[in-house]
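Engineer: Numbering-wise, this note's numbering comes out as the position in the sequence shown, counting from 1, plus 442.
Quick one: the structure is below, and I'll ask about it shortly.
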Amino acid sequence: MFARIRALIDRLHDVQEVNALSDRDLDDLGMTRDQVLDFLRMPRDINDRVTAMGAIFGLPETELKRDHGLWVEILSTCGHCADRGACARLLAKGDQAQPTEATFCGNREAFADLATYAA
Numbered sequence: 443m444f445a446r447i448r449a450l451i452d453r454l455h456d457v458q459e460v461n462a463l464s465d466r467d468l469d470d471l472g473m474t475r476d477q478v479l480d481f482l483r484m485p486r487d488i489n490d491r492v493t494a495m496g497a498i499f500g501l502p503e504t505e506l507k508r509d510h511g512l513w514v515e516i517l518s519t520c521g522h523c524a525d526r527g528a529c530a531r532l533l534a535k536g537d538q539a540q541p542t543e544a545t546f547c548g549n550r551e552a553f554a555d556l557a558t559y560a561a
C-alpha cells in the first residue's frame, strides 16, 4: 500500500514539474505539454518495449530514434496499446520472435517501413 501512495506522490510531483516547463523548454524537448503529460501516464517500460519490438524487426535503437517525431509517435502508440499481453508474450521469445508474429502491434507498419529504409 505504501508503494502505491509513494508512486502517486511521485507522479504528482512529475506533473508539477511538467506544468512548470516554459514554452522554450517544451520546444527543446520537441513535444507539447499535453504530450509530456501523456507520457507521464504511460507505463514506465515503454522505451524498453519499443526498443525490444524494434529489434524483432531488425532495428537498432539508434535507427528507431533517428527521427524524433516518429519516435514520439511510436512511443505514444505503444503507450496506448491494448495488447500488452500479446506484446509481452512475443517479446518473451527473444531472438526467436519474428516480425510476422507482431500482427497485433500498432507500430508494425512503422517498424517495417523503418527496416526497409535502413536496409
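From the three backbone atoms N, C-alpha and C, an ideal C-beta is built for every residue, glycine too.
Only a predicted model underlies this, so the values are computations on that prediction, with no experimental measurement involved.
How is H510 classed by DSSP in three states: helix, strand or coil?
Structural biologist: Of the three classes helix, strand and coil, the one that applies to H510 here is helix, per DSSP.
Engineer: Tell me the rounded alpha-carbon separation between Y559 and R550.
Structural biologist: Each residue's Cα considered, the two are about 14 Å apart.
Engineer: Using C-beta distances below 7 Å, list every residue in its chain close to I557, excluding the 5 sequence neighbours before and after it, in chain order.
Structural biologist: A small correction: the amino acid at residue 557 is Ala; Ile does not occupy that position in the sequence shown. So the qualifying residues of the chain are F499, G500 and L501.
Engineer: Check whether the region 513 to 527 touches the region 474 to 493, counting contact only when three or more Cβ pairs, one atom from each stretch, lie closer than 8 Å.
Structural biologist: In short, these stretches touch, since the Cβ pair count reaches three.
Engineer: Let me check understanding here. Comparing Cα to Cα, which of H510, D555 and Q477 lies closest to G521?
Structural biologist: Minimum Cα distance to G521 is reached at Q477.
Engineer: Alpha carbon to alpha carbon, how far is A530 from T545?
Structural biologist: Straight-line Cα distance between these residues: approximately 13 Å.
Engineer: When you compare only the Cα positions, how much space is there between L463 and G472?
Structural biologist: Distance between the alpha carbons of L463 and G472 is about 13 Å.
Engineer: Which same chain residues end up closer than 8 Å to L468 when comparing Cβ atoms and leaving out the 5 residues on each side of it in sequence?
Structural biologist: Closer than 8 Å at the Cβ level, and outside the excluded window around L468, lie T474, R475 and V478.
Engineer: Do you know how far the Cα of L533 is from the Cα of Q540?
Structural biologist: Their backbone Cα atoms lie some 10 Å apart in a straight line.
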